[in-house]
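Asks: Here our numbering runs 6 ahead of the position in the sequence shown, where the first position is 1.
Glycine residues also receive a C-beta, built at the ideal position from the N, C-alpha and C atoms.
One structure coming up, written as structure tokens, with questions to follow.
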Amino acid sequence: MVDCKDVEYRTARAWLATWLAIAALLVVACQPDSGERDEVAELGDELDNAAFRDRVVAVVRGVAAGDPDVPCALPPTAARPLRVAVSLYHGGVVLGRGAAADDELCTSLKEAAGLALAAPGLDRERVEQGRFVVELVDLEYALVELDGEGLELVGGLVPARVLDRDMVRRRIDEGTAYLLRVMDPALGGVHKYYHASTDSFDDRLHTIYTASTLYTLLAVYARDRDERLRQPIERAAGFLLSMQRVAPGQPGHGAFHYSLDLRRHEREPRFVVGTASKSIFTLIDLHAFTGDPAFLAAARLAADWLLTMQGEDGRVASELRLDANAAWSVTEEESLLYTGQVLSALSRLYEVTDDPRYLDAAARTADRLAARVEREGCYLGDDYRRPNPISSSWVVLSLFDFARAGDDPAIRKTVYDCADELLEQQIDDPADVYRHGRWQASLSSSGNGWLAEVLSELYLDCPRGDGDGCARFRGAVTLLFRLLMQYTYSPANSFMTRDPEMAEGGLFWNPQERYVRTDSVCHAMNAYVFMVDRLADGVLVELPEPPLAERLGLVARSGWLVDGDGVDRGAEEEDELAAETVE
Numbered sequence: 007m008v009d010c011k012d013v014e015y016r017t018a019r020a021w022l023a024t025w026l027a028i029a030a031l032l033v034v035a036c037q038p039d040s041g042e043r044d045e046v047a048e049l050g051d052e053l054d055n056a057a058f059r060d061r062v063v064a065v066v067r068g069v070a071a072g073d074p075d076v077p078c079a080l081p082p083t084a085a086r087p088l089r090v091a092v093s094l095y096h097g098g099v100v101l102g103r104g105a106a107a108d109d110e111l112c113t114s115l116k117e118a119a120g121l122a123l124a125a126p127g128l129d130r131e132r133v134e135q136g137r138f139v140v141e142l143v144d145l146e147y148a149l150v151e152l153d154g155e156g157l158e159l160v161g162g163l164v165p166a167r168v169l170d171r172d173m174v175r176r177r178i179d180e181g182t183a184y185l186l187r188v189m190d191p192a193l194g195g196v197h198k199y200y201h202a203s204t205d206s207f208d209d210r211l212h213t214i215y216t217a218s219t220l221y222t223l224l225a226v227y228a229r230d231r232d233e234r235l236r237q238p239i240e241r242a243a244g245f246l247l248s249m250q251r252v253a254p255g256q257p258g259h260g261a262f263h264y265s266l267d268l269r270r271h272e273r274e275p276r277f278v279v280g281t282a283s284k285s286i287f288t289l290i291d292l293h294a295f296t297g298d299p300a301f302l303a304a305a306r307l308a309a310d311w312l313l314t315m316q317g318e319d320g321r322v323a324s325e326l327r328l329d330a331n332a333a334w335s336v337t338e339e340e341s342l343l344y345t346g347q348v349l350s351a352l353s354r355l356y357e358v359t360d361d362p363r364y365l366d367a368a369a370r371t372a373d374r375l376a377a378r379v380e381r382e383g384c385y386l387g388d389d390y391r392r393p394n395p396i397s398s399s400w401v402v403l404s405l406f407d408f409a410r411a412g413d414d415p416a417i418r419k420t421v422y423d424c425a426d427e428l429l430e431q432q433i434d435d436p437a438d439v440y441r442h443g444r445w446q447a448s449l450s451s452s453g454n455g456w457l458a459e460v461l462s463e464l465y466l467d468c469p470r471g472d473g474d475g476c477a478r479f480r481g482a483v484t485l486l487f488r489l490l491m492q493y494t495y496s497p498a499n500s501f502m503t504r505d506p507e508m509a510e511g512g513l514f515w516n517p518q519e520r521y522v523r524t525d526s527v528c529h530a531m532n533a534y535v536f537m538v539d540r541l542a543d544g545v546l547v548e549l550p551e552p553p554l555a556e557r558l559g560l561v562a563r564s565g566w567l568v569d570g571d572g573v574d575r576g577a578e579e580e581d582e583l584a585a586e587t588v589e
């Protein structure tokens with residue numbers, strides 16, 4: 007069953023076989039490996055991965071058309087049964103699923119397809135409109151149908167094996183269109199989640215995701231000068247201002263309500279420092295965009311509230327909220343994400359106001375973070391998370407913003423030293439199309455998009471005299487762009503969506519969770535916009551698919567389990583939620 011679980015497998019190598027012409031389909035004995043497959047069929051050189059996948063789709067479609075005896079010229083045969091799973095997707099759900107095993111691939115494929123098509127309630131129209139997913143379980147080989155062809159499927163992802171600058175440009179256009187679609191047409195606010203499988207949103211408009219969307223749209227406008235963006239920007243800006251609490255002398259004065267409950271039409275009595283900080287980022291840009299002093303005044307009011315959440319030692323409390331007893335309470339636990347956001351907000355606001363209060367407060371938190379780096383190194387965690395690349399990257403960016411605001415060369419050196427240390431942990435394995443370019447504890451599109459955004463900022467402000475002109479950051483970002491492409495909804499991978507056109511351009515969270523979280527789109531988009539004009543023409547990354555003979559020689563690594571039970575998702579995915587709450 008295609009349940010998109012990321013499965014870690016020990017490598018079982020390798021099969022030496024001579025591949026002959028497909029017409030011959032001669033079965034030869036292969037050297038056994040610890041009792042694994044004894045024989046595989048031989049393929050001709052003319053049958054590559056694409057042709058093989060297309061033939062598989064043709065067989066399944068033949069069975070779907072009512073021809074159980076459809077011609078099938080597919081290896082391999084084997085001394086032990088080959089397990090095949092076939093699933094039919096329509097409207098984001100699995101309508102039918104079948105699994106079979108036989109010594110002959112053709113036999114097991116037809117039987118599995120027949121079982122999938124025997125599911126109750128299927129009609130011809132949905133079968134014709136649906137898309138088949140086929141898994142050769144023992145060979146760890148999967149494909150998804152699109153317009154009569156078979157596309158490669160790896161761990162639930164349609165992999166992006168090639169990246170060029172034009173792809174990045176298209177993603178900017180698609181991502182912009184997505185953000186405009188998910189903005190509330192009346193209020194201008196933005197939801198946190200779009201549930202692609204049901205074509206639905208969560209029942210709240212979130213301040214921080216509205217601010218993030220605005221920040222991205224303003225960046226797109228600054229590059230493209232598309233006047234069509236002006237009206238939605240102004241509408242969302244109105245919503246953002248409406249979420250600020252203006253209550254002099256009362257708790258939370260100047261902070262931003264976390265969300266608006268659309269069912270009750272009530273603003274949530276919860277004030278998170280990260281929400282205020284990211285709103286300040288956006289308010290600064292809105293002031294530059296419009297010249298309206300109201301935006302800068304709102305940013306200063308929010309910053310003044312942030313000062314009340316900071317201790318003398320620079321530590322930042324996470325939030326203020328009204329509890330069940332109608333009493334205001336402060337959450338004292340420290341999040342490096344929130345602390346970094348506060349430091350960045352105060353530093354950026356100082357740059358446009360020259361108010362020394364903001365730089366002084368920023369210095370207290372910067373000193374605290376720099377001391378932690380000196381004491382513990384650059385790979386850090388907090389009261390919520392074990393050390394992870396997302397928390398560490400927020401330390402990098404916030405100290406970067408402070409170094410720029412305070413013209414502090416020592417902090418700036420710390421920033422780039424830590425960034426270099428972070429780069430050392432990026433997975434660089436071109437043979438692993440699923441993970442190449444990401445970090446071990448960063449599976450989500452939001453986390454990887456954020457890393458791309460941070461590294462882009464560092465690249466754009468590369469120190470004079472840097473040995474390679476910060477090309478290493480551009481290279482790391484390029485690898486992340488390829489990775490983000492395969493997390494982005496497109497016609498190729500929309501088989502799990504109810505409305506593919508609505509989802510297009512959105513980045514789903516990870517291979518297990520296919521919802522779109524707004525910050526995933528925003529972080530990737532920001533990095534695309536920052537870097538697209540600094541990328542070379544032509545192919546930037548290319549990861550060739552291994553030859554079919556090699557891929558079908560990978561045996562008995564347990565593939566995706568047909569029922570999904572017993573799948574070992576691996577320790578890195580178990581830590582994902584704790585490590586990756588970026589906003």
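Measuring alpha carbon to alpha carbon, tell me which of Asp209, Thr204, Phe287 and Leu355 ends up nearest Met189.
Replies: As a working note, residue 189 is residue 183 in the sequence shown. Ranking Asp209, Thr204, Phe287 and Leu355 by Cα distance to Met189 puts Asp209 first.
Asks: State the beta-bridge partners of Ala148 as determined by DSSP.
Replies: Within the sequence shown, numbered from 1, the residue matching residue 148 stands at position 142. Partner(s): Glu141 and Leu159.
Asks: Are Arg504 and Thr204 touching if we call contact CB-CB under 9 Å?
Replies: Your numbering for residue 504 matches position 498 in the sequence shown. Your numbering for residue 204 matches position 198 in the sequence shown. Cβ atoms of Arg504 and Thr204: closer than 9 Å.
Asks: Express the C-alpha separation of Leu352 and Ala411 in angstroms, rounding to a whole number.
Replies: Here residue 411 refers to the residue found at position 405 when the sequence shown is read from its first residue. Here residue 352 refers to the residue found at position 346 when the sequence shown is read from its first residue. About 9 Å.
Asks: Per DSSP, what are the beta-bridge partners of Gln432 in this structure?
Replies: Sequence index remark: in the sequence shown, residue 432 carries index 426 (1-based). The partner list for Gln432 (beta bridge, DSSP) reads Trp445.
Asks: Ignore the nearest five residues each way along the sequence and tell me which others in Ala106's own chain have a CB closer than 7 Å to its CB.
Replies: For the purposes of this step, residue 106 is taken as residue 100 along the sequence shown, with counting starting at 1. So the list reads Val90, Ser114, Glu117, Ala118 and Leu121, once near-sequence residues are dropped.
Asks: Tell me which same chain residues have a C-beta within less than 8 Å of the C-beta of His293, skipping the five on either side of it?
Replies: Looking up residue 293 in the sequence shown gives position 287. Within the same chain, His293 has close Cβ partners Pro299, Phe301, Leu302, Ala305 and Val358.
Asks: How should Gly565 be labelled, buried or exposed, when 16 other C-beta atoms within 10 angstroms of its C-beta is the threshold for buried?
Replies: Start at 1 with the first residue of the sequence shown, and residue 565 comes out as number 559. Because the pLDDT of Gly565 is 34, which lies under 50, any placement of that residue in the model is unreliable, and the number read from its coordinates should be weighed accordingly. Result: buried.
Asks: Over what stretch of residues does the alpha helix (DSSP H) that includes Asp172 continue unbroken?
Replies: Numbered from 1 along the sequence shown, position 166 holds the residue referred to as residue 172. It spans Arg171 to Val188 - the alpha helix (DSSP H) in which Asp172 sits, taken as one unbroken run.
Asks: Would you give the residue range spanned by the beta strand (DSSP E) that Phe262 belongs to?
Replies: On the sequence shown, position 256 is the one that residue 262 refers to. Looking at the DSSP string, Phe262 is not in any beta strand (DSSP E), and its letter there is neither H nor E.
Asks: Taking DSSP's pairing of strands, which residues face Phe514 in a bridge?
Replies: Along the sequence shown, read from residue 1 onward, the residue named residue 514 stands at position 508. Looking at the DSSP assignment, Phe514 forms a beta bridge with Val522.
Asks: Given a cut-off of 9 Å, decide if Ser397 and Gly387 are closer than it, judged by their beta-carbon atoms.
Replies: Looking up residue 387 in the sequence shown gives position 381. Looking up residue 397 in the sequence shown gives position 391. Yes, they are a contact pair.
Asks: Following the continuous alpha helix (DSSP H) through Gly455, name the residue where it begins and the one where it ends.
Replies: The count along the sequence shown starts at 1 and reaches residue 455 at position 449. Unbroken alpha helix (DSSP H) run through Gly455: Ser451 to Leu466.
Asks: Report the partner residues of Leu328 according to the DSSP bridge assignment.
Replies: For the purposes of this step, residue 328 is taken as the residue at position 322 of the sequence shown. Its beta-bridge partners are Trp334.
Asks: Roughly how many angstroms lie between the CA atoms of Glu158 and Arg61, to the nearest whole one?
Replies: As a first step, residue 158 must be located in the sequence shown, where it is residue number 152. As a first step, residue 61 must be located in the sequence shown, where it is residue number 55. C-alpha separation (whole angstroms): 13 Å.
Asks: Would you kindly report the start and end of the unbroken alpha helix (DSSP H) that includes His293?
Replies: Residue numbering aside, residue 293 sits at position 287 when the sequence shown is read from its first letter. Start and end: Val279 to Thr296.
Asks: What do you get for Arg391, buried or exposed, if any count of 16 or more other CB atoms within 10 angstroms of its CB means buried?
Replies: As a working mapping, residue 391 is identified with position 385 in the sequence shown. By the 10 Å Cβ count, Arg391 comes out buried.
Asks: Return helix, strand or coil for Ala253, following the three-state DSSP convention.
Replies: Position 247 of the sequence shown, counted from the start, is the residue given in the question as residue 253. Reduced to three states, the DSSP call for Ala253 is coil.
Asks: Could you tell me if Trp445 is buried or exposed, where buried requires 16 or more neighbouring beta carbons within 10 angstroms of its beta carbon?
Replies: As a first step, residue 445 must be located in the sequence shown, where it is residue number 439. Trp445 is buried by the Cβ-count criterion.
Asks: Are Thr314 and Ile214 close, meaning C-beta to C-beta below 9 Å?
Replies: Residue numbering aside, residue 314 sits at position 308 when the sequence shown is read from its first letter. Residue numbering aside, residue 214 sits at position 208 when the sequence shown is read from its first letter. Cβ atoms of Thr314 and Ile214: not closer than 9 Å.
Asks: Let me know the secondary structure DSSP gives Gln237 once reduced to three states.
Replies: Mapped onto the sequence shown, residue 237 falls at position 231. Correct three-state label for Gln237: helix.
Asks: If contacts are defined as beta-carbon pairs under 8 Å, then Tyr385 and Ser451 qualify, I think. What distance do you get, rounded to the angstrom?
Replies: Translated into the one-based positions of the sequence shown, residue 385 becomes position 379. Translated into the one-based positions of the sequence shown, residue 451 becomes position 445. About 22 Å separates the two Cβ atoms, so there is no contact after all.
Asks: Would you check if the stretch 448-465 and the stretch 502-516 touch, i.e. whether three or more CB-CB distances between them fall below 8 Å?
Replies: At 8 Å Cβ cutoff, the stretches touch.
Asks: Measuring CB atoms only, is the stretch 135-148 touching the stretch 459-476, in the sense that at least three cross pairs come out at less than 8 Å?
Replies: As far as the Cβ criterion goes, the stretch 135-148 does not touch the stretch 459-476, which means the pair count is below three.
Asks: Among all the DSSP beta bridges, which residues are the ones paired with Leu88?
Replies: The residue labelled residue 88 in the question sits at position 82 within the sequence shown. Partner(s): Asp108.
Asks: Going by other Cβ atoms of all chains shown within 10 Å of its Cβ, with 16 needed for buried, is Arg331 buried or exposed?
Replies: Translated into the one-based positions of the sequence shown, residue 331 becomes position 325. It is Asn, not Arg, that sits at residue 331 in the sequence shown. Burial call: exposed.
Asks: Going by DSSP, which residues form a beta bridge with Leu94?
Replies: Here the question's residue 94 lines up with position 88 in the sequence shown. Bridge partners of Leu94: Gly102 and Phe138.
Asks: What does DSSP give as the partner residue(s) for Ser206 in the beta ladder?
Replies: Walking along the sequence shown from the start, residue 206 turns up at place 200. Per DSSP, His201.
Asks: So Arg177 and Tyr534 are in contact, right, with Cβ under 8 Å, and what is the actual spacing, rounded?
Replies: The residue given as residue 177 occupies position 171 in the sequence shown. The residue given as residue 534 occupies position 528 in the sequence shown. About 6 Å; that satisfies the 8 Å criterion.
Asks: Looking at the strands, I want to know which residues DSSP matches up with Arg273.
Replies: Counting from one through the sequence shown, the residue named residue 273 turns up at place 267. Arg273 is bridged to Leu266.
Asks: What would DSSP say about Val439, mapped onto helix, strand or coil?
Replies: As a working mapping, residue 439 is identified with position 433 in the sequence shown. Three-state result, Val439: coil.
Asks: Going by the DSSP bridge assignment, what does Thr494 pair with across the sheet?
Replies: Reading the sequence shown from its first residue, position 488 is the one you call residue 494. Partner(s): Leu513.
Asks: Beta carbon of Arg321, beta carbon of Thr337: below 9 Å?
Replies: Indexing the sequence shown from 1 puts residue 321 at position 315. Indexing the sequence shown from 1 puts residue 337 at position 331. Their beta carbons are not under 9 Å apart, which means Arg321 does not touch Thr337 by this criterion.
Asks: What does the alpha-carbon distance come out to for the pair Glu551 and Gly443?
Replies: Within the sequence shown, numbered from 1, the residue matching residue 551 stands at position 545. Within the sequence shown, numbered from 1, the residue matching residue 443 stands at position 437. Taking the straight line joining both Cα atoms gives about 16 Å.
Asks: Helix, strand or coil for Leu302 per DSSP?
Replies: By 1-based counting over the sequence shown, the position of residue 302 is 296. Note: Leu302 maps to helix in three-state DSSP.
Asks: Out of curiosity, what's the CA-to-CA distance linking Gly258 and Glu272?
Replies: The residue labelled residue 258 in the question sits at position 252 within the sequence shown. The residue labelled residue 272 in the question sits at position 266 within the sequence shown. Those two C-alpha atoms are separated by around 16 Å.
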